[in-house]
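Under the numbering used here, the first residue of the sequence shown is numbered 177, with each subsequent residue one higher. Here a beta-carbon is modelled for each residue, glycine too, at the ideal position from N, C-alpha and C. Quantities reported herein were computed from a predicted structural model and do not represent experimental measurements.
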Amino acid sequence: MAKYKRLFLAEHSYYITVATHKRQPLLVDNIELLRESFRESKRYFTYSIDAIVVMPDHIHMIITPKDVMDYPKIIRAIKYNFSRHFHLEEEQSYSRYKRKIKPIWQKRYYEHTIRNENDYVRCLEYMQNNLLKHGYVDNGEVWEYMSL
Numbered sequence: 177m178a179k180y181k182r183l184f185l186a187e188h189s190y191y192i193t194v195a196t197h198k199r200q201p202l203l204v205d206n207i208e209l210l211r212e213s214f215r216e217s218k219r220y221f222t223y224s225i226d227a228i229v230v231m232p233d234h235i236h237m238i239i240t241p242k243d244v245m246d247y248p249k250i251i252r253a254i255k256y257n258f259s260r261h262f263h264l265e266e267e268q269s270y271s272r273y274k275r276k277i278k279p280i281w282q283k284r285y286y287e288h289t290i291r292n293e294n295d296y297v298r299c300l301e302y303m304q305n306n307l308l309k310h311g312y313v314d315n316g317e318v319w320e321y322m323s324l
């Protein structure tokens, strides 16, 4: 499996996409648990959520961590807290069971280091357009599970 190299730049924001395993639509139906998972992660890590869009099967967010080395730990904490309290009735593969991995999240996530204001705006536009693309909003509508 490929080793992914992450770019750690101090005082930068990060655009992150996290998806559920097999794109299961779990997140909107369990939004309070997801919010609690974010609150719990903030007990251990200092970061701001500059923008977020929660869709049924994935999350787009722009975060700015105080310590640049923390953003992978922040994502891990959010996923862990959600998984720990989520009761999943779906069968899981033996390999995931053996490694004690619940089939809730995809193993990896997409990360992009935001380098300038144009890049930041492009990420915000992508988040908004993604809602349109998936048919969750019409042009100009506000999605209940977003903060841009």
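- Per the Cβ contact rule, the stretch 242-250 is not in contact with the stretch 316-324 (fewer than 3 Cβ pairs under 8 Å).
- The beta-carbon distance between Met237 and Ala253, rounded to whole angstroms, is 14 Å. This is too long to meet the 8 Å contact definition.
- Inclusion of Gln304 and Val194 in the CB contact set at 9 Å is not warranted, their separation being larger than that value.
- Within the DSSP bridge table, the entry for Ser323 names Ile228 as partners.
- Approximately 6 Å separates the beta-carbon atoms of Val230 and Val204; this is inside 8 Å, confirming the contact.
- For Val297, the enclosing alpha helix (DSSP H) starts and ends at Glu293 to Lys309.
- Contact between Tyr191 and Cys299 holds: CB atoms are separated by about 4 Å, below the 8 Å threshold.
- Per DSSP, Ala253 is not a residue of any beta strand (DSSP E); the alpha helix (DSSP H) it occupies stretches across Tyr247 to His261.
- Beta bridge pairing from DSSP links His234 with Ala195.
- Partner residues in the beta bridge of Tyr223, as assigned by DSSP, are Pro241.
- In the three-state DSSP reduction, Glu287 falls in the strand class (E or B).
- The Cβ neighbour count for Asn257, taken over all protein chains shown within 10 Å, is at least 16; the residue is labelled buried.
- By DSSP's assignment, Tyr190 forms a beta bridge with Ile239 and Thr289.
- Per the coordinates, the alpha-carbon of Phe184 lies some 8 Å from the alpha-carbon of Thr289.
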